[in-house]
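Q:
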Amino acid sequence: MKPAKLRHLETKHPDYVKKDRAFFERKGEDYRQQQQRMVNVTSVFAKASSYLVAQRIAKVRKPHTIAEELLLPAAMDLCDGGERCGCQIAKCISVK
């Protein structure tokens, strides 16, 4: 292990100093799997909501640009998380 990483491990996580390499490989694999599951779930919900918005706009026979001009800013305003959550909404949801 690199000296800087070892020093961090010794000072911040002293209970992990005596663990073997396999322990950290398992932890890393668990972390990667957890990230992948979260990405899959998030993208499924984002895609579903995008389709619902597009369907609503099509039913009222309005141009799809209305979603970009009106609905996305309104969704950001309604979000509890404030600006951070609004930015996540804008990144996740694309109007098809």
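When the sequence shown is numbered by UniProt numbering, its final residue is 96 and no position is left out of the sequence of numbers. Cβ atoms here follow ideal geometry from the backbone N, Cα and C, with glycine treated the same way.
Just verifying my parser: in three-state terms, what is the DSSP assignment at residue 17?
A: For the purposes of this step, residue 17 is taken as the residue at position 17 of the sequence shown. In the structure shown, residue 17 sits in coil (DSSP, three-state: anything other than H, G, I, E or B).
Q: Assign residue 1 to one of three DSSP states: helix, strand, or coil.
A: Here residue 1 corresponds to residue number 1 of the sequence shown, with the count starting at 1. Residue state, collapsed to three classes: coil.
Q: Who are the Cβ neighbours of residue 57 in its own chain at under 7 Å, not counting the five residues just before and after it?
A: Here residue 57 refers to the residue found at position 57 when the sequence shown is read from its first residue. Within the same chain, residue 57 has close Cβ partners 64, 66, 67.
Q: How about residue 53 and residue 71: are their beta carbons less than 8 Å apart?
A: Locating residue 53 in the sequence shown gives position 53, counting from the first residue. Locating residue 71 in the sequence shown gives position 71, counting from the first residue. Yes, the pair counts as a contact, with Cβ atoms nearer than the cut-off.
Q: Give me the Cα-Cα distance between residue 6 and residue 31, rounded to the nearest whole angstrom.
A: As a working note, residue 6 is residue 6 in the sequence shown. As a working note, residue 31 is residue 31 in the sequence shown. A straight-line Cα-Cα distance of about 20 Å links residue 6 and residue 31.
Q: Beta carbon of residue 17, beta carbon of residue 10: below 8 Å?
A: For the purposes of this step, residue 17 is taken as the residue at position 17 of the sequence shown. For the purposes of this step, residue 10 is taken as the residue at position 10 of the sequence shown. Yes, these two residues count as a Cβ contact at 8 Å.
Q: Run through DSSP, which three-state label would residue 26 get?
A: By 1-based counting over the sequence shown, the position of residue 26 is 26. Three-state DSSP puts residue 26 in a helix.
Q: DSSP state of residue 44, grouped into three classes?
A: Taking the first residue of the sequence shown as position 1, residue 44 is located at position 44. Looking at residue 44 - three-state DSSP - the assignment turns out to be helix.
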